[in-house]
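Chains as they are written, first to last, in the working numbering: chain A, 1 to 314; chain B, 315 to 628; chain C, 629 to 942; chain D, 943 to 1256; chain E, 1257 to 1570; chain F, 1571 to 1884.
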C-alpha cells in the first residue's frame, strides 16, 4: 500500500483509504461534486469526485473505507487526488489498523504488564476492586484496551488510554521507592483507575469524540462513580479506603480550573497528580518531536505557552 | 431564661447554657482552670471556672448543656461569667432549640411547601425520583430537615438546608415564568436536589462540621451520585434525562474555581447557578444586616470584597 | 413580501430589502462590481451586481432600502442573489420594521407596564425622579423606546433596552418579596434607571453602534450623571438617597473588570447586579436557542465558556 | 514644645498634644480608665488616665487638643505617658500645624506654580475651565489646598493633593517635550484636574477619612462630574473636547481593577496614567525611605510586592 | 525613486526594491510562478513573476535587492506588480537606508548625546563600566547603533535600541530632579545599560529576528551577565554596587509575568521600570498615530487592550 | 543529652542548647529580663532569665551555644525554662550537629552517589563542566554539601541542597528510561546543576538566610552565570550546548510567576521542571507528615491550598 504521506504530484493511486469526511459542494456552474478527506494512519489528503452520481462511484459515508482509483495533482500548493473510481469496501477487505492512529506499543503486552502490577497489590480490597474491572468485566476490558486517552492532545490513538495508564502507574511505582511515606497499594490502585471514566467519556475510533455523558459529567466524576459502584459490590470494602481512593480520582487534575472538584488532600493524591501531569507533558513533547519537519525552532506552542525547540547535542 | 445577648455586668446567672468549647488552662501560678465558651441561640459568652476539681463543679464536655450558677463581670471590656457551680444536665431537662441556631421559619411548613412543588412536577420520572428522596426515604428526610446549608456562611443553622432549597426552588419557579425556554420540570427537580449532598457533607448540629467524605468528595459529587443511585432504582428512567439532571448538580457552582467540575451547558443549569448564587448573596447580606450594631458603614466584608453599608431611605 | 430566511435556489426575487453593506470589488479581469449584503428582520443574504453603472441600477448607500429584481443562485454552498435591477426606495415606500431586528413584544404595552411600576413607587423623590425621565422628558422617552440594549450581545434589537429594563425590574420586584430587607423603592428605581445611559452610548438603528461619548465615558458613568442632573432639579431631593441610587448604577456590573468603578456596598446594589446578570444570561441563552439549526450540542460558546446543549426532555 | 518622637523614659511632660483616639477601658478590678493615643506631627504615643473622673481631668473627645501633665514610663518595651492632669484647650491656644501631618513644601508657592501652568494653557475653553476651579471657586480652592491625596498611602498629609497634582502636572510637561504627538493643553488640563474629586472623597484633617459620597461614588466619577458641571457653564465649550477630558479623568487609574471604568483610549489618557502611577510609586518609596530605621533590607512591602532595600552607593 | 506607498494602478515600475519574501507557487494548471513581497522603507507590495525561469528573470533570495521592471495592477482590491524583468543588484548599486526601517533621528547625534551623559557620571566605577561598553568595545558600539529595540513592537527599526535607550535615560534624568532620593549615578547607568542584552537577542536588519541565545536566555539575563563580565575586569569594582546595578537590569520589566526574574527592590529599579514602561507606551502610541489612515476611532488595539482614538482638539 | 522535644513540666535542665534568639524585655515593674528561644535539632523552647546581669549569667548572642541550668515550668499551656545559670560555651565543647537541622541521610554517601552519576555522563564537555564544580572546586564542594535548599520550606536543613539535587537527578534518570526522546547527558547535567546558585543565595547554618546577592539576583540567574563562567574556561565547549544547559537552569521553575525568566522550550527543560516540582511537593508533604501530632485532618495548608489529611489504610 502506498501511504498518504508518500504521495506526490503525478502519482497514480489505486488503494484503499478511509473517508474521514465527505462534503457535497457545488461548482460555480451549479454542478454538485464531492469534496472528500481521505486518511490513513500516516495522514490525510484532499480528494475531489467531480462526477459523483456516475458509474464507478459508489455511495459512501464518513468512516467508510473506499477503494480509490485516481491521480495526484497539485492545487494551490497542496496535493489533491482527482478520483475517477471509488468503491466502498466491506469489512475484511482491509486492515483497520492501517487507517487509524494506534499505539506504537503492543496492546496485549502492555495489558499483561498492568495485570502483573495488579497482582502485586497487597491490600485485598483494593486488589479485588482492580480485578473486578480488569479481569472480570469483559466489556470494560474491551473498551479500556481500545480507548484513546484524548480527542486531540496526547495519547490520542487506539491503546492510548492503556499506554498512558501504564506509564503513570510505573511512574508512581518509582515514586513509592523515592518517597516512602506514600502508601503503595493506594497510590498504584488510584493510578490504574485514574482515567477509567474515559471509556465512557470518549467514543471509540474511528469517531473518538465526546459522548453526551462525557460532556455532561466528565471522566473524573464518572470514574469516581464507577469505583463507588464496584466497591459497593465488594463485601466489607472499608468506607474510608473507598473515599480516599475516590478522592485521588477526583483530585487528579490538581487544580479546580482543570476540572477537579477537589484539590489533593492526601499525599497519594498529590503524587498521582504529579505523575499524570508528567506523563501528559512528556508524551505531548514526544509527539511534537515525532512530527518535526525541520530541526530547530518549531514556533509557538499553545500547550507549553512558549516557542519549542528540538534539542541539539552533538 | 435569661438569654446571653441580654446579660450585663453584675448580673447573677442561674440558667442552663450549652458548653460550646471547654479549654483547660493554667494560671501564672501553675494552677489549672477551665476557660469555657457558653452559648445559647442568641450568642456566646466567655466563662471561667477557677476551681475546676471542687465540689459543685461537674465534669462536662463540649456540646453538653450545663446548669450554671455565677456572676457576670467585665474583663478587658468584654463580659465574662465567673462560675461558682456547674451541673451537667441530662436530656429532657432543657429544650435543645434554645441552644442552637435554628431557622426563623417553621420547618414543617417549609417542608410541606416543598412537597407541594414536588407534586406539581409533570414528568413522571423526575417526580418519582423526588418522591424517592423526599417522601420515601425516612433517613434522608430526617437529615434534610435538620441540616444547615453551611458550616460558617449563609444558612448556617438547623433547617438552613431546607430554607435555602425552598428559596432557590421558588426563585426558579419565577424564572420559568419569565424565561419560557426553561424546562420547568427539569429545573425545579434540579433546584430541589441541588444541595442534597450536604446531608452527608456536614454533620448535624451541635457539631455542624465537615465529615470525612464531605472533605474527600464534596456535596456536589455526592449529590450527583445520590441521584444516580436513586435513578438506577426507577424502572425506565431515561438515561439522557438523568445525565442532564446530574449535570445541573455538578455545574451549579457555575465556575471551576468554585468547585464545579463542569460549567453549565444547558439553560436549566445556568438558571440554577443564578438562583443559587442569588439566594446565597441575598441571605448573606440579610444575616449581615441582622447583626448590625450601628447603622451606616460596616467596614470591609471579605465575601462582598468591599465596604458594606446599611441602606438608609427616610 | 418574501423574507430572506425563506429564499432558496432558483427563486425569482422582486422585493424591497435593506442594504446593510455595499462593497465595490473588482473581478480578475479588472471589472468593477458591487458585492452587497441585503437584510431584512429575518436575516441577511449576499447579492452581486455585476453591472453597477448600467441602467436599472440606482446609486445607493448603506442602510438604504432598495427594490431588488433578480434571481437566487448558490455559490460555494451559500445562497446569493444575482441582481438585475436595483431601485433606491424613498421613505414611505416600505415599512422599516420589516428590515430591522425588533423586540417580539409590544413596545407600548411594555412601556405602560413600566409606567405602572413607577406609579407604585412610594418615596416621593424617587417617584418624581422617574417621572422626570419617563413621563416628562419626551426626547428621552423616544430614545428609550427605540434603543437596543447592546450592539452585538443580548437584546440587540429595537425595544431591547425597554424589554431588558422591564425584565430586570420585574425580577427585582420578585426579590423584594423573597428578601424583605431590600428597600423596594430604591431597588425598583435603580432597576428602572440602571441602563438609561445606553440611550447615549449607542446610536439608534439601523446604525446601532457606539457613539463617541459612549466610548469615552460609557453608559454607567453617563447614567449616573443623568440622575445627578435630574435630581438637582428636584427641590429637596435627599443627598444621601441620591448617592445610594447613583451607587446602584455605578456598581451594577458587579466587578471592576466588567467596568463598574465601585463594587456593590448596599443590598439593593447587590440585588440589582444579580437581576441584571440573570436577565443577561437568560436572554442570551434564549437567543442562542432561537437560532439553533440542529438540536443537541451547539459547540463552544464564548460567553458561557463551554459547549452548549439544547435541553431534551421527552 | 517637646515633640513625641523625642520623649524618653522618665521625662516629665507638660505640653499640648492632640487626642487622636480615646478609649474607655476597665481594669481587672472593674475600675474604668482612659487609654488615649496622643499625637503631634512627629508621631503618636500611648497615654493612660487612671482616674478619669477626678479633678484636673477634663472631659475631651477625639481630635481635641489637650494640655497634658504627666510622666513617661515604659511598658512592655513601649513608651507610655502616665497622665496626672489633662486640660482641654480652646482654639487659639495652640498651632494646629504642630499636630497634623503637613506637606514639607510651601503650599502657597506650590499653588502659585500651578496657577502659572494654568495661565500657559493656550486653548481658551480648557484655560477657562481651569480658572473656574482654581481662581474663581473659593470653596474649592480652600479644600484643594488642604486636602491630602490619600487616607493612608502616599501624600497622606495636608497639602498632599496639591503636591501630588503639581508633581504629576510637571511630569506631564516633560512628557510633552519628549513625545510631541501629545496635545499639551489637553494633557496638562487633565493632569491638573485628575484628582479634584478627592476634595469630596476625603474629609479634611484631622479626620481625613472617606465621606459617604466618597465611598458610594469615588473621586474618579465625582471628578468627571465636576468637570461636566463646570463645562456646562462655559459658553461654547466643545462637546468632544469635554468628553476627551472627562475620559482622561475616568481612565487615569489605567486598569478596570484599579477602579477606572474606562481604559485609556487616547494618548493623553495613557500619558496621564503613566505620570500618576510614576508619582505614586516614587513618593511611596520616598516616604518609605524617610521612615527607615536601619539601612539595608526593610522586609516585605505589600505595595511593591517584594522585599525593599535602601540603596547604598559609596 | 518611486516609493511603494505612492504606487497606483497602471503605474509602470522601473526601480530597485528589496525582496522581503519569495514564495514558489503553482497555478491551477500546475505551472510554477513566484509570489514575491517587495519592500522599501515606506511599505510593502505584492508582486508576481509568472515566468520565473525565463530570460530577464534573475535568481534571487530573501533580502536581496532587485531591479524590477513591470506594471502595477489591482487584484481583489489590492495593488500588485506584474513583473516582466527582475535583475539582482550588487552591493553599492543601491542605498540600503531606502529599504529598511530606520530611526527618524540622527544616529550619531543620539550617540553623542549618550556619551555626554556618560561623561557626567560621577561614580568612577560606574563611569568606567559605561566607557568599557560605549567607548572601548568597538564591536558592541557597532551593534548597539544598528540594533532595533524589538522584532515587531515599538522601536522596531535601525537605531531603535539607541533611540529607546536615550529616551529612557533622559526620562530618568528628569526623575532624579523630581525625586531627590534617587541615586543619579546608579539610575542613569542602569538606564543606559538596561537593554544592552538586545544586541545579542536580536540579529541585525534586514533579518531582525530572535537569535538562539536570545530565545534560550533573553536580553535581561544576557545584559546582566555582560555587566558581570565587564565589572569583573575593572579593578576594585564594589561588589554591592555591581549587584544593585544588575538587579536594576533583572527587574526592569517590573513583573515576573513580563520576564523579570526579580521584582524591583530598590528605588532606582522602580524608577527604571517606570521610565522603560513609559517610553514603550508613548512610542507605541506615537507609531500607531503615525500610521493612522483616517482620524477618529482606530478599532481595538491588543497592546492597549481597548479601542484607540486619535485625539481631536480644535 | 536531654532533647527539647522530650522536656516536660518539672524537669531539671542542665544541658547545652543553642540560643536561636535573645530578646531584652521589661517587666511591668520596669525591670529588664531576657526572653530567649533555645533550640536543638529536635525543636525549640522558650526560656526566661529574670536576673540577666547577675553572677552565673554570661553574656551571649544569637547562635551561641550556652550551658543552661534551670527548671521546666508551664505558662499559658506552653513549656518554659526558668534559667538560673547560663554559661556561654566555646567551640569544641559541643557537637554542632546536635543543634541544627541536618539531613537524615549520610552526606558523604549522597555525594558519592552524585559523583557516580557524573562519571556516567558521556558528553565530554558536560562531564568536564560537572567535574569543574563537583571535583575540582573545593570551596564550591564545601558549600554545596552544607547548604540547605531553602530558608523555610522543603529541605531546609544542612545537606538539604545535596539531598534535593540527588533526588531530582535520580528522578530524571528514571524519566530518561520512560521517555527516550530525552537527551540523558543534558538532562542529568541540568538536574545536577539546577540549584547550584543556592550556595550563594543562602548563607550557611546557623544563619541560613538570604544573602544580598541572593535577594538582588536570585539563585536562578546566579546559577546560570556560574555555568557560563565555568564553561568559558573549558576549551571548545559548544556554544549551543551551553545555551541549552543555561536555558534549563533559567526555566526550571516552569512559570514566569515563579521567577523563571524563560519558560521551558526544550524537552529536557520541561522534564527538569517536572522533577524539581515533584521532589519539592513530595518532600514538603513528607515533612508535614513527620510533624503530625494527631492523625487525621491537619487543617488548611497554604502550600497545597487545601486541607491536608494523613492517609489511613488499615
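Even for Gly, the Cβ is constructed at its ideal location relative to N, Cα and C.
Here the structure is a predicted model, which is why all the values come from computation and not from measurement.
Residue i versus residue j - alpha carbon distance
| i | j | result |
| --- | --- | --- |
| residue 859 of chain C | residue 873 of chain C | 10 Å |
| residue 1490 of chain E | residue 989 of chain D | 57 Å |
| residue 1276 of chain E | residue 1543 of chain E | 21 Å |
| residue 224 of chain A | residue 358 of chain B | 41 Å |
| residue 1695 of chain F | residue 312 of chain A | 14 Å |
| residue 772 of chain C | residue 871 of chain C | 23 Å |
| residue 1442 of chain E | residue 1770 of chain F | 24 Å |
| residue 810 of chain C | residue 467 of chain B | 20 Å |
| residue 943 of chain C | residue 1329 of chain E | The question about residue 943 of chain C has no answer here: the residues shown for chain C are numbered 629 through 942. |
| residue 1685 of chain F | residue 1732 of chain F | 12 Å |
CB of residue i within 9 Å of CB of residue j, strictly
| i | j | result |
| --- | --- | --- |
| residue 1453 of chain E | residue 1484 of chain E | no |
| residue 1564 of chain E | residue 1554 of chain E | yes |
| residue 636 of chain C | residue 707 of chain C | yes |
| residue 729 of chain C | residue 776 of chain C | yes |
| residue 1559 of chain E | residue 1209 of chain D | no |
| residue 1030 of chain D | residue 1079 of chain D | no |
| residue 1120 of chain D | residue 1426 of chain E | yes |
| residue 796 of chain C | residue 822 of chain C | yes |
| residue 793 of chain C | residue 816 of chain C | no |
| residue 521 of chain B | residue 377 of chain B | yes |
In chain order, each beta strand (DSSP E) run of at least 3 residues that lies wholly inside the stretch 699-770 of chain C: 706-716
Could you say if the stretch 1357-1375 of chain E and the stretch 1317-1325 of chain E meet the contact criterion of at least three C-beta pairs nearer than 8 Å? no
Give, in chain order, every unbroken run of the alpha helix (DSSP H) that is at least 4 residues long and sits entirely within the stretch 1099-1155 of chain D. 1102-1120, 1126-1135, 1140-1143
Near-chain F residues of the stretch 996-1011 of chain D - C-beta to any C-beta below 7 Å: none
For the structure I just gave you, are there three or more beta carbon pairs, one from the stretch 890-909 of chain C and one from the stretch 588-595 of chain B, closer than 8 Å? yes
Going along the stretch 281-309 of chain A in order, which residues come within less than 8 Å of chain E, judged by CB to CB distance? 297, 307, 309
Residues of the stretch 520-544 of chain B with a CB closer than 8 Å to any CB of chain A: list them in chain order, please. 526, 527, 529, 530, 531, 532, 534, 535, 538, 539, 542
With 8 Å as the limit, tell me which residues of the stretch 1388-1409 of chain E have their beta carbon closer than that to any beta carbon of chain C; keep them in chain order. none
Within 8 Å of chain C by C-beta, residues of the stretch 392-410 of chain B in sequence order: none
Contact set between the stretch 730-760 of chain C and chain B, restricted to residues whose Cβ is under 7 Å from the partner: 751
Positions along the stretch 542-562 of chain B whose CB lies within less than 7 Å of some CB in chain A: 542, 554, 557, 558, 560, 561
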